[in-house]
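Participant: Residue numbers (my numbering), protein chains in the order written: chain A, 1 to 324; chain B, 325 to 451. The beta-carbon is built from N, C-alpha and C at its ideal position, and this holds for glycine as well. This structure is a prediction, so every number in the text was calculated from the model and none was measured. Next up is a structure, given as structure tokens.
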Amino acid sequence: MDSTVTTGAEENVWGGGNRPLGASYGKLMMWFFIVSDALTFSGFLAAYGFTRFKFMETWPIADEVFTHVPFFHGIYPMYYVAFMTFVLIMSSVTMVLAVDAGHKMKQNAVIWYMFATVLGGAVFVGSQAWEWATFIKGDYGALETKGGRILQFVKADTGERAALADFASVIPDERQEHEKRNGVWYYEEKALPSFSLNEVIAGFESQPNILIRTEVLNEEGHKTLLSREESLEKLKSAVQVVEGANLIQNEYGSRLFGDFFFFITGFHGFHVLTGVFINIIIFFNAIVGTYERRGHYEMVEKVGLYWHFVDLVWVFVFTFFYLV
Amino acid sequence: MAHEHKLEIFRGLLKFKSNVSKIWGVLIFLSIITIVEVVLGIIKPASLTGNFFLGMKLLNWIFIILTVVKAYYIAWDFMHLRDEKSSLRRAIVWTPIFLVSYLIFILLVEADYIHNIYRDGFVTWNF
């Protein structure tokens, strides 16, 4: 502001003298960015809502997709995501405490609180990476029909999900691999699923305990379970084995479910990652005393706004992706 | 930089002695809401999933309302909008609320229409 030509009066309105919003330039610009970014995220989530409403009766149930906790075996729906939410809120708290310490010019407190914030952010990003890896790897495996619908398997006696490995029979066959030296047109071959379609079908026919579960939700909000006869009939429409998830198909159900998972949590995870880097910069600046020399810790406050925004977005992603 | 903090939440029902204790108080409140959400999400009480309001399960309405409450406290106390001038606060909050409500309204109405087309149309989508 020093370069502004002074017109004599310090509080000249048209000379930029007053601040009607009572906030500094940097803080206002951070708010501009946050509002525009909030609209971007809203666009993503609204598109998710659009797709969800469009495929209301066939959308996957999040509780059945995100059931894993690192280092534990078994089915624990939601616990890990709840933990991630808590970590992010906690790191938001240490960030506010850092801002508060900054107002009081307590350098050491700012440093320690920033350190805790960076740590929380790193734990969250790591958890999200793990969540992605689990999602991509998949757990039970499924078949895809000609119409692009997913058929999952259930054990008739216990009602538990059946993995392909539980019932598929192994049929020895040899696979001719196309190699580069054999042709002009050569593409890398895609990774094969652990079982071929024929192996899954043969295994299904030999084991009467296995039933097919379709994507369609029934009155109680559960996936429709077919009878043995219906299952055998449905099996005829299967065209390929799907294991895990990618941008084209996923074993959990609707293809768009996987796409939105990758886009929304990926975009949010990218924000968290950026936030962690910015927090690290602030952390080191606080250590070397940049803000002590500057005379105020407003930078911590501005970065804090961004960090809280990331937390704010996660609250919505958590609700719309995992709860609703 | 607003150095003076407004220290009461819940419309003055709860007043904290310092900014730091207010932060911890808000954390406890947000944690309770998250725990309630997760517990409801795991139990899924039949009375809430069986009843509908405006075409959506009561449980989902509860989730959405709790989310907005959480968002309010994050924005008001962590992003200290509570301490900003009301003009700044309104510019920040009402702009997205207006735009996003409109977007959600048109997209969901359209999606519902397409859903009905898929269900009642003469073309089979699941073959």
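Given this structure, state the Cα-to-Cα distance separating A/Tyr306 from A/Gly275, to the nearest angstrom.
Facilitator: 7 Å
Participant: Measuring only the C-alpha atoms, how far is A/His178 from A/Leu192?
Facilitator: 14 Å
Participant: Are the beta-carbon atoms of A/Lys54 and B/His439 separated by less than 8 Å?
Facilitator: yes
Participant: Determine the burial state of A/Pro208: buried for a count of at least 16 other Cβ atoms within 10 Å of its Cβ, exposed for fewer.
Facilitator: exposed
Participant: Give me the Cα-Cα distance between A/Pro60 and A/Arg175, rounded to the nearest whole angstrom.
Facilitator: 34 Å
Participant: Under 9 Å Cβ-Cβ, which residues of chain B neighbour A/Ser42?
Facilitator: Correct list: Pro420, Leu423, Val424, Leu427 and Ile428.
Participant: For the alpha helix (DSSP H) containing A/Thr134, list its first residue and its last residue.
Facilitator: Gln107 to Lys137
Participant: Between the Cα of A/Gly74 and the Cα atoms of A/Glu160, A/Phe41, A/Thr224 and A/Phe257, which residue gives the shortest distance?
Facilitator: A/Glu160
Participant: Does B/Ala326 come out as helix, strand or coil in the three-state DSSP assignment?
Facilitator: Legend: pLDDT at B/Ala326 = 46, less than 50; position of this residue unreliable, no value from coordinates given.
Participant: Skipping 5 residues on each side, what residues in its chain have a beta carbon closer than 7 Å to that of A/Phe204?
Facilitator: Counting only Cβ-Cβ distances below 7 Å, and skipping sequence neighbours, we find Phe167, Ile210 and Leu235.
Participant: Specify, as a first and last residue, the run of the alpha helix (DSSP H) that A/Val35 falls within.
Facilitator: Tyr25 to Lys54
Participant: Comparing the C-beta of A/Phe257 with each C-beta of chain B, is any distance below 8 Å?
Facilitator: no
Participant: Once DSSP output is grouped into helix, strand and coil, what is the label at A/Thr58?
Facilitator: The answer is coil: DSSP assigns A/Thr58 none of H, G, I, E or B.
Participant: Can you have a look at A/Ala133 and say buried or exposed, based on whether 16 or more other CB atoms are within 10 angstroms of its CB?
Facilitator: exposed
Participant: Within the 8 Å Cβ cut-off, does A/Met1 reach chain B?
Facilitator: With a pLDDT of 45 at A/Met1, under the threshold of 50, the modelled position of that residue is not reliable, and no figure is offered here.
Participant: Would you decide whether A/Val402 is buried or exposed? Buried here means 16 or more other CB atoms lie within 10 Å of its CB.
Facilitator: Residue 402 of chain A cannot be examined here, being either before or after the span of chain A that is shown, 1 to 324.
Participant: CA-CA distance, B/Ala326 and A/Phe83?
Facilitator: In this prediction, B/Ala326 has a pLDDT of 46, which is less than 50 and means its spatial position is unreliable; what the coordinates show is noted afterwards. Taking the straight line from one Cα to the other gives about 33 Å.
Participant: Under the rule that 16 or more other beta-carbon atoms within 10 Å means buried, what is A/Arg255, buried or exposed?
Facilitator: buried
Participant: Can you tell which of A/Ser42, A/Trp14, A/Arg293 and A/Glu251 has its C-alpha closest to the C-alpha of A/Ile150?
Facilitator: A/Glu251
Participant: Using beta carbons (cut-off 8 Å, strictly below), is B/Lys330 in contact with chain E?
Facilitator: Given the protein chain composition of this structure (A and B), no chain E is represented.
Participant: Who does A/Arg161 pair with in a DSSP beta bridge?
Facilitator: A/Val154
Participant: What are the uninterrupted segments assigned as alpha helix (DSSP H) that are 4 or more residues long and contained completely in the segment 190-248 of chain A, given in chain order?
Facilitator: For the segment 190-248 of chain A, whole alpha helix (DSSP H) runs of length 4 or above, ordered along the chain, are 197-206 and 228-235.
Participant: State yes or no: is the beta carbon of B/Lys339 nearer than 8 Å to at least one beta carbon in chain A?
Facilitator: Cβ-Cβ to chain A under 8 Å: no for B/Lys339.
Participant: Excluding the five sequence neighbours on either side, which residues of its own chain have a C-beta within less than 6 Å of the C-beta of A/Ile278, listed in chain order?
Facilitator: Excluding sequence neighbours, A/Ile278 sits near Val303.
Participant: Assign A/Ala98 to one of two classes, buried (16 or more other C-beta atoms within 10 Å of its C-beta) or exposed (fewer than that).
Facilitator: buried
Participant: Can you tell me whether DSSP reads A/Met78 as helix, strand or coil?
Facilitator: coil
Participant: By the three-class DSSP mapping on this structure, what secondary structure does A/Tyr69 have?
Facilitator: For the record, residue 69 of chain A in the displayed sequence is Val; it is not Tyr. Looking at A/Val69 - three-state DSSP - the assignment turns out to be strand.
Participant: May I ask you to report which of helix, strand or coil DSSP gives A/Met1?
Facilitator: Caution is warranted here: a pLDDT of 45 is assigned to A/Met1, below 50, making its placement in the model unreliable, and the coordinate value is therefore given only provisionally. In the structure shown, A/Met1 sits in coil (DSSP, three-state: anything other than H, G, I, E or B).
Participant: List the residues of chain A whose Cβ lies closer than 9 Å to the Cβ of B/Ser411, in chain order.
Facilitator: Pro20, Leu21 and Gly22
Participant: Among A/Gly120, A/Met56 and A/Tyr48, which has the Cα closest to the Cα of A/Leu217?
Facilitator: A/Met56
Participant: Between which two residues does the beta strand (DSSP E) holding A/Thr145 run?
Facilitator: Segment Ala142 to Thr145, the beta strand (DSSP E) holding A/Thr145.
Participant: Comparing C-alpha positions only, which one of B/Leu382, B/Phe377, B/Thr358 and B/Ile359 sits nearest to B/Pro369?
Facilitator: Measuring from the Cα of B/Pro369, the nearest candidate turns out to be B/Leu382.
Participant: Within 10 angstroms of its Cβ, does B/Ile347 collect 16 or more other Cβ (buried), or is it exposed?
Facilitator: buried
Participant: With which residues is A/Asn250 paired in a DSSP beta bridge?
Facilitator: A/Ala245
Participant: Can you list, in chain order, the residues of the segment 307-322 of chain A whose Cβ is nearer than 7 Å to any Cβ on chain B?
Facilitator: Hits within the stretch, in order: His308, Asp311, Leu312, Val315, Phe316 and Thr319.
Participant: Between the segment 121-131 of chain A and the segment 103-113 of chain A, do three or more beta carbon pairs fall short of 8 Å?
Facilitator: no
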